[in-house]
Amino acid sequence: MATIFSRIIAGEIPCYKVAENDRYFAFLDINPLAKGHTLVVPKCETDYIFDLDDDTLAGMTIFAKQIAAKIKEFSGCKKVAMVVLGLEVPHAHIHLIPMNTENDVDFRKEKLKLTPEEFVEIAAALNR
Ligand code: 5GP
Numbered sequence: 001m002a003t004i005f006s007r008i009i010a011g012e013i014p015c016y017k018v019a020e021n022d023r024y025f026a027f028l029d030i031n032p033l034a035k036g037h038t039l040v041v042p043k044c045e046t047d048y049i050f051d052l053d054d055d056t057l058a059g060m061t062i063f064a065k066q067i068a069a070k071i072k073e074f075s076g077c078k079k080v081a082m083v084v085l086g087l088e089v090p091h092a093h094i095h096l097i098p099m100n101t102e103n104d105v106d107f108r109k110e111k112l113k114l115t116p117e118e119f120v121e122i123a124a125a126l127n128r
């Protein structure tokens with residue numbers, strides 16, 4: 001069965017898309033730690049990120065780097081954290097999270113509740 005992220009990539013489940021190319025897809029995390037919290041995923045369905053072949057893994061990092069620059073510009077944060085963790089969705093993903101303090105990437109924190117309008121606005125800003 002396709003993962004929820006594959007179904008998002010296929011357009012079967014809606015998302016707030018940030019970027020896409022032939023190999024990778026980026027969209028806003030629906031439970032963000034901060035405005036701009038983005039997930040970067042490979043289009044090929046692999047659970048564990050270190051099972052990706054070297055070229056796909058390297059390309060994913062470069063794709064994430066381009067989005068991180070946009071997140072940094074949008075949020076004015078000090079740095080964008082690149083985090084790989086979690087067991088919830090068996091589809092490799094990188095979290096990109098605006099960060100001013102280490103506490104900003106504490107996944108135990110309560111997530112933001114954004115309105116659809118806010119998600120649309122953030123995705124549009126990161127799409128530019
Ligand atoms: P993890 O595997 O990293 O623990 O969790 C997966 C991440 O994907 C979580 O941060 C969760 O909020 C996000 N997520 C799970 N399902 C969806 C979804 O349907 N849409 C979006 N945009 N994000 C999701």
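Each residue of the sequence shown is one higher than the one before, starting from 1 at the first, in our numbering. Note that CB positions come from ideal geometry on N, CA and C, so glycine has one too.
- Contact between residue 36 and residue 126 holds, since their C-beta atoms are separated by about 7 Å, short of 8 Å.
- In the same chain as residue 25, and ignoring 5 residues on each side of it, the C-beta atoms closer than 7 Å to its own belong to 9, 41, 43, in chain order.
- Taken from the Cβ of residue 103, every heavy atom of the ligand 5GP lies 7 Å or farther away.
- In this structure, the C-beta of residue 88 approaches the ligand 5GP to less than 7 Å from one of its heavy atoms.
- By the beta-carbon neighbour count (other beta carbons within 10 angstroms, threshold 16), residue 39 is buried.
- Rounded to the nearest angstrom, the gap between the Cα atoms of residue 120 and residue 74 is 14 Å.
- Within the DSSP secondary-structure output, residue 79 pairs in a beta bridge with 99.
- Annotation for residue 106 indicates a beta carbon at 7 Å or more from all heavy atoms of the ligand 5GP.
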